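Comments concern the structure below.
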Amino acid sequence: MLVYLNGELIPSDQARVPVDDRGFLFADGVYEVARVYDGRIFKMPEHLRRMAHGLAAIRIDFPEIGGLAQVGERLLDENGLRSGGATIYIQVTRGVAPRKHAFPAGVRPTVFLAARAYQDAPAASWEEGVAAIRYPDIRWARCDIKSVALLANVLANQAAHEVDAFEALFVRDGVVIEGSHSNLAAVIDGTVVTYPRSNYILPGITREIVLQLARDAAIPVREGPIYDHELFRVQELFLLGTTTEVMPVVRVDGQPIANGRPGPVTKRLIELYRQATR
Numbered sequence: 456m457l458v459y460l461n462g463e464l465i466p467s468d469q470a471r472v473p474v475d476d477r478g479f480l481f482a483d484g485v486y487e488v489a490r491v492y493d494g495r496i497f498k499m500p501e502h503l504r505r506m507a508h509g510l511a512a513i514r515i516d517f518p519e520i521g522g523l524a525q526v527g528e529r530l531l532d533e534n535g536l537r538s539g540g541a542t543i544y545i546q547v548t549r550g551v552a553p554r555k556h557a558f559p560a561g562v563r564p565t566v567f568l569a570a571r572a573y574q575d576a577p578a579a580s581w582e583e584g585v586a587a588i589r590y591p592d593i594r595w596a597r598c599d600i601k602s603v604a605l606l607a608n609v610l611a612n613q614a615a616h617e618v619d620a621f622e623a624l625f626v627r628d629g630v631v632i633e634g635s636h637s638n639l640a641a642v643i644d645g646t647v648v649t650y651p652r653s654n655y656i657l658p659g660i661t662r663e664i665v666l667q668l669a670r671d672a673a674i675p676v677r678e679g680p681i682y683d684h685e686l687f688r689v690q691e692l693f694l695l696g697t698t699t700e701v702m703p704v705v706r707v708d709g710q711p712i713a714n715g716r717p718g719p720v721t722k723r724l725i726e727l728y729r730q731a732t733r
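Heads up: the sequence shown runs through residues 456 to 733, numbered per our numbering.
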C-alpha cells in the first residue's frame, strides 16, 4: 500500500519518520480519520476544518491543509480503494527538531496520510447493541483538540476490551461525557440529549450530522448533561463516531439500559445516517 509522507507517495513499509520528530517525542500533533463509502470520502471538508482548529490551537502553521483532500483522493486511486469501505488517516506533527519543550524555529511540519480498507463491525452490533463500561475521565482539559496524545483513551478502551465491552464512557464530575473514541447521546423523555460542545468533548462530525438529522425528523434535541446517577433511567443510549456511526449501547457495566435492546429513536437515527452516507 502506498502512503503519503512529506510530499511523496511511498510504500508503507518504506515510510520512515526520524526519532526526533516531535510527534514521537511529545505527541505534538493532531490527526483525523475520515470514512470512505464506495470510493467517496465522507465530509472531508469538515474533517479538515476540525484539523485546522486543532492545528491553530497548538500553534502549528500549516497553510497547505486544503490540499490534503486531493492527496486522499489520489491515495484511494493508487491503492485500488474506489469500491467498498475504507478510511483516510491524516496526521500532522510539529516536525523534526532536537528534544526541547519550547517550539523549535524554522521547522516544517511532518505530514502523513494513509488510505486503508475498512470493514464495519458485525451487523449484530447495530441490530442488537453493544456493551460499555464507565471509566473516570483522566484526560486533559482540551478534548476538543484531536491530539495524537491518546494514552488516557487507550487505557480506558483497554479496560473495556478486557471485559468484552465495545466502549468506555468517560465520567467527569458526575456526568457521563463521551466515549474513548466516540461521542455519546441518550434519549431522555423522548429527547436526544448529548453533552454540550465544549473543551471537554471532541466536536464530533458524526455528532453534528446526527443532531441535525434528528431535528429535521422532528426528534427533539437538547445539549445538556447525562448524569451518572441517572444513567440507568434513560430510555436509550448510543454512540456517535466516524467508524461507529450511530451505535446502540444496551448494557453498561453489565446492567441493561432500559429493556436491553436498541430503542426506536436510535433505530431511526441509524437509518437516517446510513441514508446520508450512502
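All C-beta atoms in this analysis are idealised placements derived from N, C-alpha and C, irrespective of residue type, glycine included. None of these values were measured; they are calculated from a predicted model.
What residues match up with residue i in a beta bridge as DSSP calls it?
{"i": "LEU639", "result": "LEU694"}
{"i": "VAL474", "result": "VAL474 is not bridged to any residue."}
{"i": "PHE625", "result": "TYR590"}
{"i": "TYR650", "result": "Answer is none; TYR650 lacks a bridge partner."}
{"i": "VAL701", "result": "LEU695"}
{"i": "VAL631", "result": "VAL626"}
{"i": "ILE496", "result": "VAL491"}
{"i": "LEU568", "result": "TYR459 and ILE545"}
Mind checking whether residue i and residue j have CB atoms under 8 Å apart?
{"i": "ILE681", "j": "VAL647", "result": "no"}
{"i": "LEU657", "j": "TYR728", "result": "no"}
{"i": "ALA569", "j": "VAL491", "result": "no"}
{"i": "ILE725", "j": "THR697", "result": "no"}
{"i": "ALA587", "j": "ALA615", "result": "yes"}
{"i": "VAL562", "j": "GLY478", "result": "no"}
{"i": "ARG627", "j": "TYR655", "result": "yes"}
{"i": "ILE543", "j": "ALA489", "result": "yes"}
{"i": "ARG723", "j": "ALA672", "result": "yes"}
{"i": "GLY484", "j": "LEU503", "result": "no"}
{"i": "PHE558", "j": "ARG505", "result": "no"}
{"i": "LEU523", "j": "ILE545", "result": "yes"}
Span of the beta strand (DSSP E) holding residue i?
{"i": "GLN546", "result": "540 to 548"}
{"i": "VAL609", "result": "Unbroken run through VAL609 is the alpha helix (DSSP H), 606 to 616; no beta strand (DSSP E)."}
{"i": "GLU463", "result": "463 to 466"}
{"i": "VAL488", "result": "484 to 492"}
{"i": "LEU457", "result": "457 to 460"}
{"i": "VAL603", "result": "First-last for VAL603: undefined, no H or E at that position."}
{"i": "ALA552", "result": "Looking at the DSSP string, ALA552 is not in any beta strand (DSSP E), and its letter there is neither H nor E."}
{"i": "ALA576", "result": "Unbroken run through ALA576: none, as it is neither H nor E."}
What are the boundary residues of the alpha helix (DSSP H) that includes residue i?
{"i": "GLY709", "result": "GLY709 -> no alpha helix (DSSP H), and no H or E assigned at all."}
{"i": "ARG504", "result": "499 to 512"}
{"i": "ALA524", "result": "523 to 533"}
{"i": "VAL720", "result": "719 to 732"}
{"i": "ARG557", "result": "It is Ala, not Arg, that sits at residue 557 in the sequence shown. Careful: ALA557 lies outside any alpha helix (DSSP H) and carries neither H nor E."}
{"i": "GLU583", "result": "579 to 583"}
Got a sec? Which residues, its chain only, sit under 6 Å from residue i by beta carbon, not counting five neighbours each side?
{"i": "GLU533", "result": "LEU457"}
{"i": "THR721", "result": "GLU691, PHE693 and PRO703"}
{"i": "GLY634", "result": "GLU622, LEU624 and LEU694"}
{"i": "LEU666", "result": "VAL676"}
{"i": "ASN638", "result": "GLY659, ARG662 and LEU695"}
{"i": "LEU480", "result": "ARG554"}
{"i": "GLY462", "result": "none"}
{"i": "ASP683", "result": "VAL626, GLY629 and VAL631"}
{"i": "ARG652", "result": "PRO658"}
{"i": "PHE497", "result": "ARG490 and THR732"}
{"i": "ALA620", "result": "ALA586, ALA587 and ILE588"}
Taking 8 Å as the limit between beta carbons, can you name the residues of its chain near residue i, skipping five residues before and five after?
{"i": "GLY718", "result": "VAL642, GLN690, GLU691 and PRO703"}
{"i": "ASP476", "result": "THR548, GLY550, VAL551 and THR565"}
{"i": "ALA470", "result": "VAL458, LEU460 and PHE567"}
{"i": "VAL512", "result": "The question names Val, but residue 512 in the sequence shown is Ala. Excluding positions up to five away in sequence, the list reads ARG597, ASP599 and ILE600."}
{"i": "PRO466", "result": "MET456, LEU457 and VAL458"}
{"i": "ALA572", "result": "LEU536, GLY539, GLY540 and ALA541"}
Under 7 Å Cβ to Cβ from residue i, same chain only, skipping five residues before and after it: list those, please.
{"i": "ALA731", "result": "ILE664 and LEU668"}
{"i": "ASP708", "result": "ILE588 and ARG589"}
{"i": "VAL618", "result": "ILE588"}
{"i": "ASP592", "result": "PHE625, VAL626, ARG627 and ILE632"}
{"i": "MET499", "result": "ALA489, ALA524 and GLY527"}
{"i": "PRO518", "result": "none"}
{"i": "ARG670", "result": "VAL676"}
For the segment 667 to 692, which segments carrying the beta strand (DSSP E) assignment without a break, of at least 3 residues, lie completely within its bounds, in sequence order? Within the segment 667 to 692, the runs of beta strand (DSSP E) at least 3 residues long that lie entirely inside it are, in chain order, 676 to 678.
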